[in-house]
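Residue numbers (my numbering): 1102 to 1321.
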């Protein structure tokens, strides 16, 4: 539909202005004037036509010069726009690089902040703990106390060992004594009315203890 409209518009313009517009119109007028000048026999009309031809040639030259200048300006503008476009693209790349660097710096800043917070937390925990001098003094005190306890333990172990040896000797002597007592009782006078078999008596006749019971009590 748009193509038909354009064709109709062109036809109407040709019908209204058969000589065209712009530079085409100037060239057509120049050709008509030149043709008329060539075919006119009158010198007066020829002079007028000649002047019009020169004027139209000047206008055409001016139009050509203007077109050349416009073309040159457009070329310069194109170069300028190309340069601006290249500068913009280069600037975009620089900004992209700066954004990447800013991201890296942001990550580093986050890491530094995280490390700083961890450092502050660790420093707070360290400050809650006692100082090294106090810890060393407490350690030395505990070492001395441990040495003292070891000495007491060794002394107690030695005393216990001596008591064990004494007790073993006492048990040995007690067994020997009981053996001797049992031997004496077996060989004592059988006619003694106050004596009971296997027992030890006091002078009033009461039984002190049985020999086997005494041995069991000593062993226990």
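Glycine included, C-beta positions come from ideal geometry on N, C-alpha and C.
For clarity, every value in this text was computed on a predicted model and none was experimentally measured.
**Q.** Three-state secondary structure assigned by DSSP to residue 1277
**A.** helix
Q: Apply the 10 Å Cβ neighbour rule to residue 1156 and answer buried if 16 or more other Cβ atoms are within range, or exposed otherwise.
A: exposed
**Q.** Buried or exposed (CB count within 10 angstroms, at least 16 for buried), residue 1238
**A.** Label assigned to residue 1238: exposed.
Q. In three-state terms, what does DSSP make of residue 1230?
A. coil
Q) Taking just the CA atoms, how far does residue 1242 sit from residue 1230? A) 18 Å
Q.
List, from N- to C-terminal side, the alpha helix (DSSP H) runs of 4 residues or more that fit wholly inside the region 1247 to 1278.
A. As far as the region 1247 to 1278 is concerned, it has no whole alpha helix (DSSP H) run of at least 4 residues.
Q. When you compare only the Cα positions, how much space is there between residue 1279 and residue 1270?
A. 14 Å
Q: Label residue 1134 either buried or exposed according to how many other C-beta atoms from any shown protein chain fall within 10 Å of its C-beta, with 16 as the threshold for buried.
A: Buried: at least 16 other Cβ atoms inside 10 Å.
(Q) Tell me the rounded alpha-carbon separation between residue 1108 and residue 1126. (A) 20 Å
**Q.** Inter-residue Cα distance where the pair is residue 1129 and residue 1171
**A.** 23 Å
Q: Label residue 1190 either buried or exposed according to how many other C-beta atoms from any shown protein chain fall within 10 Å of its C-beta, with 16 as the threshold for buried.
A: exposed
Q. Count the other CB atoms within 10 Å of the CB of residue 1210; is the residue buried (16 or more) or exposed (fewer)?
A. By the beta-carbon neighbour count (other beta carbons within 10 angstroms, threshold 16), residue 1210 is exposed.
Q) Quick one: is residue 1224 buried, meaning 16 or more other Cβ sit within 10 Å of its Cβ, or exposed? A) exposed
Q: Output the distance between the C-alpha atoms of residue 1139 and residue 1153, rounded to the nearest integer angstrom.
A: 13 Å
Q. Count the other CB atoms within 10 Å of the CB of residue 1257; is the residue buried (16 or more) or exposed (fewer)?
A. Residue 1257 comes out exposed.
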